[in-house]
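J.: Here it is, the structure, as structure tokens.
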Amino acid sequence: MSSFSRPTRSVRSLRSCFSSSLSSASTLSSLVATALLFFAATPTEAAKVSLAVTGSAASQTGVLVGGGGAGGGPPALTAPANVRMKSRKLCTASPAQSPCTVSDGTSVAQISWYDISTDDVRTYIERRTEPNGAWTQVQTIAMPVTYAATAYDHGLAPDTRYCYRLTAEASDGRAQTSGTTCLVTQKPGDLPVTRAQLRLVVANVPNGGTDGRFTVSLNESPFDLPNGNFTAIATPRDDLEAGSDVTYELNVPGVGSFRDVTRISVASSSTDEFCLQEVQLILNGNDNNGLTADRGSVVYERFYGSTATSCRWVGGIHGALRVDHAELRAAPEFVAFTGGQPIFSLGEEEIEARLEPIIGTLFHERRDIDWDTDQSSAVSVAQAPGGQSLKVHMDLEGIVEGPNPEVDIDFLVTPTFTPTASPTVWTLDLATSNMTASVDFSWWVELLGGLLDPLCAPAVALAEGRDPFLDCISHLEDYIETRIEASFDAPTEPMTVALPSGCIRPTVTVAADASVRFGCDAFQRTTKPPTTKIGGATTLGTTTRGTMTLAR
């Protein structure tokens, strides 16, 4: 096999806090935009605009419709377009000025929009509380909006879904109303989400299963807040067969706190249909290296039925399965969720399971690469020599006529703690290094380019004098490291990790069973604490006190 590798990269950090009490964590800025509406008037000009919010990688490109009508008539009135809302980190001004005094996203929504119509004289902002609230006018902008405008809606309740729309009105009474955009406000002191899984039981009925891929999201669409959670289920298993019962690992980014789970959406990526007998959403499961039997808390479950007429069909004419915000919040399991237990370690099974959707989401829409189904496990991890790193191996294959060429990817992940200026704050680093990609045939290395297209383009690399294969490896390692960091850096609320009591210097090691274990090598007291057996490993002190909190 041809092999291409990349040297060790610099470490990226995710912020961690080490303390004996939990602390609040800041939340991320988010972007929301409505789909544009085009009305009867024919636009005489259009301009492309890209919107972005500081602190967020999200952006939305839209078309702003200009004024002017056909036949020399009066300027055409257009509805406000590109509405966006940002309920988190509302301002960064120093000192903060009203209305930016409240920025935690629990009680304030920022509504921004563009309108380049030349005929409107006022704009009305309306709000409704989901699921059944009536539309209520909350503000009036009593002046023409010639390009961009922003308004703030105060006094909102936490963990509540609100929808907004705007109406532009002309002096003669003509009016046009925008589309609807929604958000879910946050709740102070919310519980963290460290892991998310979805159990799907497929009804054992004729044509009840599918070989097609599907996607899952745990919050609103790209046009609502919060947004960003997405998992494409592309696994080496034969998924969604009739009668199957499989628990799927979900990507955590986009779900930092418990109430960021604002819906469940399961959608087919093919024209095929499948029928669900039962659905369960499981949060914060952790193997804890066999120390406990906790496999997570079921926060939502529903049994539809086991017959072709009672099971829930998904895909095709039936569309996606969606559990909305109101139904989730009404579930007794959701109300009873307490956050799960402290984490002693990250087990081999959990690490492998969480890596799989990161890579599967990368290539789920491609038809030239897939997991290698000849292997018993698509992702495997092992302790690297020295006990400080994980060695990760991934088995993929190219999809061509004839024997499918194998594509093997190997790299190291090294977790480390480093102190900061504060004695109770530590940084947990997850660094990838030594990435190597191997293929059966040298001509198939272009597949690595296809895997990351358009991020990686061999032709462009050659034109710029770079090695195209090393260039692809570099991009792939960047992507994988970024997604690993995002997956384990997702909680925006404190995440508790159990440590020995009196610990003032945490440690992290990779055990022989490929689990990542948290420990301690410095204590507050001067006398040597007693030793305690935990899962076959000797640690110092007890594990009833001391926490590490992971936060952005």
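For the sequence shown, the working numbering assigns the number 795 to the initial residue and increments by one for each residue that follows. Here a beta-carbon is modelled for each residue, glycine too, at the ideal position from N, C-alpha and C.
So, with DSSP's three-state summary, where would you put residue 1187?
T.: Stepping through the sequence shown from its first residue, residue 1187 is reached at position 393. In this structure, residue 1187 counts as strand in the three-state DSSP scheme.
J.: For residue 915, report the span of its beta strand (DSSP E) as first-last.
T.: One-based indexing of the sequence shown puts residue 915 at position 121. Start and end: 914 to 923.
J.: Flag this pair as yes or no: are the beta carbons of residue 1114 and residue 1069 separated by less than 7 Å?
T.: In the sequence shown, the residue the question calls residue 1114 occupies position 320. In the sequence shown, the residue the question calls residue 1069 occupies position 275. Contact flag unset, no.
J.: Whether or not the region 1032 to 1049 and the region 996 to 1013 are in contact is what I'm after, with contact meaning three or more pairs of Cβ atoms, one per stretch, closer than 8 Å; do they touch?
T.: The region 996 to 1013 vs the region 1032 to 1049: in contact.
J.: Does the Cβ-Cβ distance between residue 1039 and residue 978 come in under 7 Å?
T.: In the sequence shown, counting from the first residue as 1, residue 1039 sits at position 245. In the sequence shown, counting from the first residue as 1, residue 978 sits at position 184. Not closer than 7 Å, so no.
J.: Can you tell me where the alpha helix (DSSP H) holding residue 1129 begins and where it ends?
T.: Here residue 1129 refers to the residue found at position 335 when the sequence shown is read from its first residue. First-last of the alpha helix (DSSP H) with residue 1129: 1126 to 1130.
J.: Report yes or no: do the region 908 to 919 and the region 961 to 971 share at least 3 C-beta pairs separated by less than 8 Å?
T.: The region 908 to 919, when compared against the region 961 to 971, does touch it at the 8 Å Cβ threshold.
J.: Given this structure, state the Cα-to-Cα distance separating residue 1095 from residue 1073, to the nearest angstrom.
T.: What you label residue 1095 is simply residue 301 of the sequence shown in a count that begins at 1. What you label residue 1073 is simply residue 279 of the sequence shown in a count that begins at 1. Between residue 1095 and residue 1073, the C-alpha separation is close to 5 Å.
J.: For the putative contact between residue 1208 and residue 1227, defined by C-beta atoms under 8 Å, what is the C-beta separation to the nearest angstrom?
T.: Along the sequence shown, one-based indexing puts residue 1208 at 414. Along the sequence shown, one-based indexing puts residue 1227 at 433. With 8 Å as the limit, residue 1208 and residue 1227 qualify as a contact, their Cβ atoms being about 7 Å apart.
J.: Residue 1052 by DSSP, collapsed to three states: which one?
T.: As a first step, residue 1052 must be located in the sequence shown, where it is residue number 258. Here residue 1052 sits in helix by DSSP.
J.: So residue 1313 is in the alpha helix (DSSP H); what residue range does that whole segment cover?
T.: As a position in the sequence shown, residue 1313 is number 519, starting the count at 1. Taken as a continuous stretch (DSSP letters only), residue 1313 belongs to no alpha helix (DSSP H), being part of the beta strand (DSSP E) at 1310 to 1317.
J.: Can you look up residue 979 in the DSSP assignment and give me helix, strand or coil?
T.: Position 185 of the sequence shown holds residue 979. Residue 979: coil per DSSP, three-state reduction.
J.: What are the partner residues of residue 1300, as DSSP defines its beta bridges?
T.: Here residue 1300 refers to the residue found at position 506 of the sequence shown. Paired residue(s): 1314.
J.: Just to confirm before moving on: does the CB-CB distance between residue 1081 and residue 1146 stay below 7 Å?
T.: Indexing the sequence shown from 1 puts residue 1081 at position 287. Indexing the sequence shown from 1 puts residue 1146 at position 352. The answer is no: Cβ separation not under 7 Å.
J.: Which word fits residue 838, buried or exposed, when buried means at least 16 other C-beta atoms lie within 10 angstroms of its C-beta?
T.: By one-based count along the sequence shown, residue 838 stands at place 44. With a pLDDT of 24 at residue 838, under the threshold of 50, the modelled position of this residue cannot be trusted, and the question is left open.
J.: Would you tell me roughly how many angstroms separate the C-alpha atoms of residue 945 and residue 1104, rounded to the nearest one?
T.: As a first step, residue 945 must be located in the sequence shown, where it is residue number 151. As a first step, residue 1104 must be located in the sequence shown, where it is residue number 310. Each residue's Cα considered, the two are about 46 Å apart.
J.: If you count every other CB in all the chains shown that lies within 10 Å of the CB of residue 801, and 16 or more means buried, which is it?
T.: Here residue 801 corresponds to residue number 7 of the sequence shown, with the count starting at 1. Reliability of the predicted coordinates at residue 801 is poor, the pLDDT of 34 falling under 50, and no value is obtained from them.
J.: Which partner residues of residue 971 appear in the DSSP bridge assignment?
T.: Translated into the one-based positions of the sequence shown, residue 971 becomes position 177. Looking at the DSSP assignment, residue 971 forms a beta bridge with 961.
J.: Taking the CB atoms as reference points, tell me whether residue 1053 and residue 1202 lie closer together than 7 Å.
T.: Numbered from 1 along the sequence shown, position 259 holds the residue referred to as residue 1053. Numbered from 1 along the sequence shown, position 408 holds the residue referred to as residue 1202. Not in contact: residue 1053 and residue 1202 (Cβ atoms no closer than 7 Å).
J.: Between residue 1179 and residue 1231, what straight-line distance do the alpha-carbon atoms span, to the nearest angstrom?
T.: For the purposes of this step, residue 1179 is taken as residue 385 along the sequence shown, with counting starting at 1. For the purposes of this step, residue 1231 is taken as residue 437 along the sequence shown, with counting starting at 1. Between residue 1179 and residue 1231, the C-alpha separation is close to 20 Å.
J.: Contact defined as beta carbons within less than 8 Å: I believe residue 958 pairs with residue 1027. What is the distance between those atoms, to the nearest angstrom?
T.: By one-based count along the sequence shown, residue 958 stands at place 164. By one-based count along the sequence shown, residue 1027 stands at place 233. With 8 Å as the limit, residue 958 and residue 1027 do not qualify as a contact, their Cβ atoms being about 32 Å apart.
J.: Would you give the residue range spanned by the beta strand (DSSP E) that residue 1149 belongs to?
T.: In the sequence shown, the residue the question calls residue 1149 occupies position 355. Segment 1142 to 1157 is the alpha helix (DSSP H) holding residue 1149; no beta strand (DSSP E) there.
J.: Name the residue from 1125, 1154, 1092, 1120 whose alpha carbon lies nearest to the alpha carbon of residue 991.
T.: On the sequence shown, residue 991 is found 197 positions in, with the first residue counted as 1. The option with the nearest alpha carbon to residue 991 is 1092.
J.: Please identify the residue among 1008, 949, 1078 whose C-alpha is closest to the C-alpha of residue 1139.
T.: For the purposes of this step, residue 1139 is taken as residue 345 along the sequence shown, with counting starting at 1. Of the candidates 1008, 949, 1078, the one whose C-alpha sits nearest the C-alpha of residue 1139 is 1078.
J.: So, at 6 Å on beta carbons, what are the nonlocal neighbours of residue 939 in its own chain, with the 5 sequence-adjacent residues on each side left out?
T.: Here residue 939 is taken as the residue at index 145 of the sequence shown, counted from 1. Counting only Cβ-Cβ distances below 6 Å, and skipping sequence neighbours, we find 909, 917.
J.: Near residue 1049, what residues of its chain come up, given a Cβ to Cβ distance below 7 Å and the 5 sequence neighbours on each side ignored?
T.: Translated into positions along the sequence shown, residue 1049 becomes position 255. The answer, listed in chain order, is 987, 990, 1012, 1013, 1023, 1055, 1284.
J.: Reducing DSSP to helix, strand and coil, say where residue 950 ends up.
T.: Within the sequence shown, residue 950 is the residue found at index 156, counting from 1. Looking at residue 950 - three-state DSSP - the assignment turns out to be coil, as it is neither helix nor strand.
J.: Could you tell me the boundaries of the beta strand (DSSP E) in which residue 1035 lies?
T.: For the purposes of this step, residue 1035 is taken as the residue at position 241 of the sequence shown. Run containing residue 1035: none; DSSP gives neither H nor E here.
J.: Does the beta-carbon of residue 1306 have 16 or more other beta-carbons within 10 angstroms, so that it is buried, or is it exposed?
T.: For the purposes of this step, residue 1306 is taken as residue 512 along the sequence shown, with counting starting at 1. Looking at its Cβ environment, which holds fewer than 16 other Cβ atoms inside 10 Å, residue 1306 is exposed.
J.: What residue does the beta strand (DSSP E) around residue 908 start on, and which one ends it?
T.: In the sequence shown, residue 908 corresponds to position 114, counting from 1. 903 to 908 is the extent of the beta strand (DSSP E) around residue 908.
J.: Between the beta-carbon of residue 1142 and the beta-carbon of residue 1175, is there less than 7 Å?
T.: Working through the sequence shown from its first residue, we reach residue 1142 at position 348. Working through the sequence shown from its first residue, we reach residue 1175 at position 381. Taking 7 Å as the Cβ cut-off, residue 1142 and residue 1175 qualify as a contacting pair.
J.: Between the alpha carbons of residue 901 and residue 981, how many angstroms are there, rounded?
T.: As a first step, residue 901 must be located in the sequence shown, where it is residue number 107. As a first step, residue 981 must be located in the sequence shown, where it is residue number 187. Taking the straight line from one Cα to the other gives about 9 Å.
J.: With distances taken from CA atoms, which of 1008, 1182, 1149 is nearest residue 1312?
T.: Position 518 of the sequence shown holds residue 1312. Comparing Cα positions, the closest option is 1182.
J.: Using DSSP's beta-bridge definition, name the partner residues of residue 956.
T.: If you number the sequence shown from 1, residue 956 lands on position 162. In the DSSP output, where bridge partners are listed per residue, residue 956 has 923, 977.
J.: With 16 other CB atoms within 10 Å as the buried threshold, where does residue 925 fall?
T.: Taking the first residue of the sequence shown as position 1, residue 925 is located at position 131. Counting Cβ neighbours within 10 Å, residue 925 comes out exposed, since fewer than 16 surround it.
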